[in-house]
């Protein structure tokens, strides 16, 4: 068996995604958390922890996929090949370490629990009932929806996306991607400007407005190289804990304490100084001018923006992804909308559902836009799967 040794570890934060997974890069970066020697397993490119469902569970063993010791049965991720073992692991996570699990991890476990409770797996009633009683509320909701019916063209080339017909004012027909089709639609219903950015506009503004806290605050051990794009604790909950007082003050500044002139100058000055530098995102690749970024976040509103930043800064690792595909806005009317775009048969992921729920909860205008061929049958679009 191949063994990987971690000299500094006795506790690991783990991401639950089909199983509890931690990449090699994450392990190497977490030099403030520690485990003794651990045997580690990799299945389908993921490090899979048996007996370790989330932060705080001891790492009993992690074995390399396909390699097993004589006294152990083959290890697998939290799949359904061993339903009783998987059920015990889910129950253990819900009862012993629930407080350490993120909402994303809880929803992943809920999804696995629902699959285990199917008759196919013949789970004993005791386990079935306990999983049901311990499970958190589902993140599925009936979200605001827009539906676009248009002609589509499927490419004969493997891997190419479906394209949708858009008729221009001069009568020409262009074929657009699903996101481009949605942007064109929103231009006709009161949102003349917009970006298909999947949250990058938000990440860019977060990076600029928190630049001094991210890169200039001294926290021991978080910068060990001049070529780092972020402090080593950026992708853990420790980033917030290590800078909590300054972060709370900055969020208050953004939401209501800064005047509009201070807010604008802060954004533009940081852009001038740092847009060419490597950071959490390629700033000059997201937008080419700070005016466009300022216009977008002005339409979003500083109250909403501050609450989005609060979610990001508390756990950047989990919440940097899953953000809606589009941000569309109307500068004269100072209004904006977050839009998750889905083509036919495309489903919402757990992270996407949680972001939609959060945006609506904080008062943002958010919706799911379904782009469908005219011939497709209408479906129940209330919920999605975990793809």
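Residue numbers (the UniProt record's numbering): 1 to 387.
Backbone N, C-alpha and C define an ideal beta-carbon position, used for all residues, glycine too.
Which residues in the same chain as residue i place their Cβ atom closer than 7 Å to its Cβ, once the five residues preceding and following it in sequence are excluded?
i, result
"residue 240", "247, 313 and 314"
"residue 99", "none"
"residue 306", "251, 254 and 255"
"residue 357", "139 and 141"
"residue 222", "231, 232 and 233"
"residue 191", "328, 329, 330 and 337"
"residue 362", "304 and 307"
What residue from the options has the CA that sits closest to residue i's CA?
i, options, result
"residue 144", "310, 338 and 99", "338"
"residue 359", "96, 300, 152 and 222", "300"
"residue 255", "137, 302 and 336", "302"
"residue 238", "228, 214 and 259", "214"
"residue 262", "209, 126 and 218", "209"
"residue 104", "227, 316 and 361", "316"
"residue 352", "174, 153, 97 and 198", "198"
"residue 260", "361, 295, 200 and 189", "295"
"residue 150", "184, 277 and 125", "184"
"residue 345", "96, 275, 178 and 217", "178"
"residue 128", "168, 97, 85 and 101", "85"
"residue 236", "88, 87 and 101", "101"
Does the distance from the CB of residue i to the CB of residue j come in under 9 Å?
i, j, result
"residue 135", "residue 114", "yes"
"residue 297", "residue 322", "no"
"residue 234", "residue 280", "yes"
"residue 340", "residue 364", "no"
"residue 330", "residue 193", "yes"
"residue 202", "residue 308", "yes"
"residue 180", "residue 138", "no"
"residue 166", "residue 326", "no"
"residue 342", "residue 304", "no"
"residue 267", "residue 225", "no"
"residue 116", "residue 93", "no"
"residue 278", "residue 219", "no"
"residue 264", "residue 211", "no"
"residue 249", "residue 217", "no"
Per the DSSP calculation, residue i is bridged to which residue(s)?
i, result
"residue 372", "149"
"residue 206", "Looking at the DSSP assignment, residue 206 forms no beta bridge with any residue, so it has no partner."
"residue 309", "Bridge partners of residue 309: none, in fact."
"residue 193", "329"
"residue 176", "164"
Grab me the residues of residue i's own chain with a C-beta within less than 6 Å of its C-beta, minus the 5 sequence neighbours each way, in chain order.
i, result
"residue 319", "311 and 312"
"residue 130", "91"
"residue 32", "Note that residue 32 has pLDDT 36, beneath the 50 cutoff, so the model's placement of it is unreliable and the number below is only indicative. Nothing meets the Cβ criterion."
"residue 287", "293"
"residue 324", "338, 339 and 340"
"residue 152", "162, 164 and 373"
"residue 369", "146, 182, 339 and 341"
"residue 76", "Because the pLDDT of residue 76 is 35, which lies under 50, any placement of that residue in the model is unreliable, and the number read from its coordinates should be weighed accordingly. Excluding sequence neighbours, residue 76 sits near nothing in its chain."
Please return the same chain residues whose Cβ sits closer than 8 Å to the Cβ of residue i, not counting the five positions on each side in sequence.
i, result
"residue 354", "103, 104, 107, 139 and 322"
"residue 398", "The structure shown does not extend to residue 398, since the chain is modelled only from 1 to 387, so the question has no answer here."
task: Note down, one range per segment and in chain order, each beta strand (DSSP E) of at least 3 residues found wholly within the UniProt domain "VRR-NUC" (258-373).
output: Listed in chain order, they are 326-330, 335-343 and 366-373.
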